[in-house]
Amino acid sequence: MTPAIAQRPRDTAGTRLITHSVAERGKNVVSMTRRDLVHISREPMQLSDVTIQPVLFTVLFIYLFGGAIPIPGGGSYTEFILAGLLALNLVTSTMGTAVGLATDLHEGIIDRFRVLPMWRPAVLVGRSLADLLTACLCALVVAVTGLAVGWRTSAGPLRIIAGFALVLFFAYSLSWVAACVGLNSKSPESAASFGFIVLFPLAFVSNAMVPTQHMPGWLQAIADWNPVSAVTAAARQLWDNPNPSASIAAWPMQHPIEASLAWSVLILAVAAPLASRYFRRRTTE
Amino acid sequence: MGDSMIEADGLFKSYGETRALAGVSFSVPAGSVLGLLGPNGAGKTTAVRILTTLALPDAGRARVAGIDVLAHPAEVRRQIGVAAQDATLDGLLTGRQNLVLVGELSGMRTGQARARAAELLEVFELADAADRVVKGYSGGMRRRLDLAASLLTWPPVLFLDEPTTGLDPVSRQRVWEVIRELIGSGVTVLLTTQYLDEADALADGIVVVNHGQVIAEGTPRALKERSRSAHVEVRLAEPGPRAAGVIAPLVGGQVSVSADGLRLSAAVDSAPGLATALVRALDQAGLLVDNIEVRQPSLDDVFFALTGAHIPGDSNGSQATQATAAQAGPGGAAERVSEGAWT
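Quick mapping for you: the protein sequence lines, in order, are chains S and H. Be aware that the first sequence starts at 12, since it is given in our numbering, and climbs by one per residue. Be aware that the second sequence starts at 10, since it is given in our numbering, and climbs by one per residue.
Have a look at this one:
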């Protein structure tokens with residue numbers, strides 16, 4: 012064998028500063044994001060919740076329930092439901108963040124990261140960015156499926172993009188909550204149950220699938236203050252789609268764009284620092 | 010202690026009720042290899058985890074490359090390479106992607122990381138498998154890739170935690186060759202192992218740990234001498250009735266002779282130069298020697314002498330030791346020849 016194994020060439024990474032520059036942090040995040048995307052490409056079924064599920068839900072809701080649900084104030088259910096389907100699919104897809112992090116912690120690879128002189132939060136930030144990219148794919152699938160089954164909007168391109176961006180931003184902030192769950196899970200399987208116990212009720216007890224006017228009073232109060240309702244109403248408003256919540260007095264329903272931005276910022280501001288604290292705790296022994 | 014690259018000083022560590030380390034101290038001089046030897050659960054891995062910044066001790070101090078591990082863990086990480094007991098690789102990435110990722114996360118430029126990865130894949134004979142997903146690698150390939158990952162940034166201090174556990178003899182041999190290659194290049198190595206012959210073959214010094222405490226330390230040779238259970242065997246070309254009488258005074262004890270009178274054996278205190286003295290004495294007595302072998306005690310013998318117990322769960326340990334020793338590479342064989350056997 013050659014002396015190449017151990018001979019360090021002069022003038023390479025040896026004695027360097029310990030603090031990570033912004034450029035170094037960015038590079039670490041890019042590396043981790045790329046790694047997480049490679050993971051997804053290796054197991055394409057992981058993507059089923061952002062590819063197959065949106066198509067399935069769209070068809071189910073529009074053809075099974077569409078005819079049975081009247082929209083207060085009128086309008087087509089297909090045009091009403093699209094923002095709701097986008098919110099539903101993006102909210103439930105954040106489960107992937109919880110499972111992905113729980114899997115990383117479960118396997119030996121986390122010890123490799125921990126002995127490298129890397130910027131450690133890159134493990135979390137890279138994961139959240141990879142999941143944001145899959146969320147964008149999910150949004151695209153929802154939009155294309157919607158267009159195929161008759162969803163239309165008269166809004167201009169900027170307002171259309173703003174609607175998608177608002178929902179994606181909310182999903183991104185929610186993925187940090189999912190990260191907290193994943194970092195506290197004993198196994199990837201228990202992280203997955205988070206989706207069914209928390210995310211599905213969160214998505215369903217809202218105006219996403221049905222107008223809240225038909226709900227019992229106490230449930231409607233919860234639904235109208237559910238951040239998912241604000242996000243969905245904001246998208247409907249931006250897309251000029253039927254938005255029955257506009258006639259509800261609750262503040263978030265009157266100001267859905269401000270409310271959804273406020274919720275997203277608040278959730279992010281709480282969950283992101285919490286996630287990095289859990290990460291530090293989980294990787295200390 | 011200015012010259013030691015790794016220092017553990019009174020390390021204590023408990024996991025819940027289990028006390029993993031109960032005051033372990035040792036140091037590794039720059040450029041040398043220390044074998045941390047002990048049975049399963051002795052505390053070896055815990056000591057390595059503390060020294061590599063993965064775990065915090067309950068008490069005690071640790072320094073690596075002169076840097077306080079507790080005070081400046083990030084700085085320590087720039088000086089070390091770690092090959093952990095459970096290969097810490099990403100099963101869904103290819104071998105090459107694993108190495109490039111490690112390089113990038115260590116601060117190398119991507120191009121540099123790629124070049125270095127290609128070089129190490131070649132060295133570790135993984136070039137053909139480089140673009141396959143690691144999940145499909147054999148145990149030996151994983152270990153070699155893990156070693157490659159630990160060497161990627163040319164670290165001056167290397168931690169190898171049971172680098173050959175679970176490997177077949179051929180893979181084990183290849184890992185030994187790689188480690189021998191490192192030795193002498195100035196790298197300081199802490200090697201943990203439950204294989205006695207491994208510490209013997211690779212380490213300059215050995216620290217024996219059991220139940221979280223250091224129970225002995227010294228050179229492999231010194232430890233063997235402590236156990237005083239070497240064994241000498243002489244084979245004559247033709248039966249020589251006088252032979253037993255000739256060697257008896259040299260071995261200082263009972264000499265047993267085989268039925269055909271060709272083979273003589275005796276238990277001896279391990280003594281340098283004994284083989285030479287025996288050959289000379291037999292030669293002067295006009296006896297033709299076919300073969301003479303001083304079998305050094307195995308480190309299992311040492312462990313037995315130190316603790317009064319054999320290595321737990323290692324009933325066929327001595328057998329395995331023999332088998333691998335027989336396959337030892339040129340370095341190992343040369344060492345044994347100089348210490349024992351002539352033809």
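The C-beta atom is built at its ideal place from N, Cα and C for all residues, glycine as well. These figures come from a predicted structure and were not determined experimentally.
Distances from the alpha-carbon of Q222(H) to those of P248(H), L315(H), G145(H) and G261(H) put L315(H) closest. Listed in chain order, the alpha helix (DSSP H) runs fully inside the stretch 214-296 of chain S are 228-236, 238-249, 262-265 and 267-293, counting runs of at least 4 residues.
If only uninterrupted alpha helix (DSSP H) runs of at least 4 residues are considered, those enclosed by the stretch 70-143 of chain S are 88-104, 106-117 and 120-126. For G282(H), there are no C-beta contacts with chain S under 8 Å, since the nearest C-beta of that chain is about 35 Å from it. Under the DSSP assignment, T61(H) falls outside any beta strand (DSSP E); it carries neither an H nor an E label.
Taking a Cβ-Cβ cut-off of 8 Å, the neighbours of E113(H) in chain S comprise K38, N39 and S42, given in sequence order.
Closer than 8 Å at the C-beta level to chain H, one finds no residue of the stretch 208-230 of chain S. Taking C-alpha positions only, V136(S) is separated from F72(S) by approximately 34 Å.
Chain-order list of chain H residues neighbouring F76(S): empty, with the shortest C-beta distance near 39 Å, by a criterion of under 9 Å.
Cβ proximity to chain S below 8 Å picks out E186, V187, E190, L191, S194, G195 and V196 from the stretch 178-200 of chain H.
When 7 Å is used as the limit between beta carbons, P128(S) is near these residues of chain H: A83, R86, R87, S115 and G116, in chain order.
Within chain H, T62 and L63 have C-beta atoms less than 8 Å from the C-beta of R125(S), given in sequence order.
Contact note: Q106(H) reaches chain S through V49, using a C-beta cutoff of 7 Å and chain order. Between the alpha carbons of V41(S) and M117(H) lies a distance of about 14 Å. Apart from sequence neighbours up to five positions away, the residues of its chain that approach G270(H) with a beta-carbon distance below 6 Å are P248, ordered along the chain. N219(H) has Q222(H) as its beta-bridge partners, per DSSP. Listed along chain H are L63, A93 and T97, each with a C-beta nearer than 7 Å to that of D122(S). Distance from the Cα of L60(H) is smallest, within the candidate group L46(H), R141(H), G47(H) and S36(H), for S36(H). A residue is called buried when at least 16 other Cβ atoms come within 10 angstroms of its Cβ; R292(S) does not meet this threshold and is exposed.
In the three-state DSSP reduction, Y146(H) falls in the coil class, being neither helix nor strand.
Counting of Cβ neighbours within 10 angstroms places Q263(H) among the exposed residues, the total staying below 16.
With its beta carbon less than 8 Å from one in chain S, V142(H) belongs to the interface.
By the criterion of at least three beta-carbon pairs nearer than 8 Å, the stretch 20-32 of chain H is not in contact with the stretch 181-192 of chain H. Fully contained in the stretch 98-185 of chain H are the following beta strand (DSSP E) runs of length 3 or more, in chain order: 166-170. Inter-residue distance for H240(H) and G261(H) is about 12 Å (C-alpha atoms, whole angstroms).
Chain-ordered listing is empty here: chain H has no CB closer than 9 Å to the CB of R293(S), the nearest sitting near 13 Å.
With contacts defined by Cβ atoms closer than 8 Å, T55(H) and Q94(H) do not form a contacting pair. Close to A158(H), with beta-carbon spacing below 9 Å, are these residues of chain S in chain order: R123.
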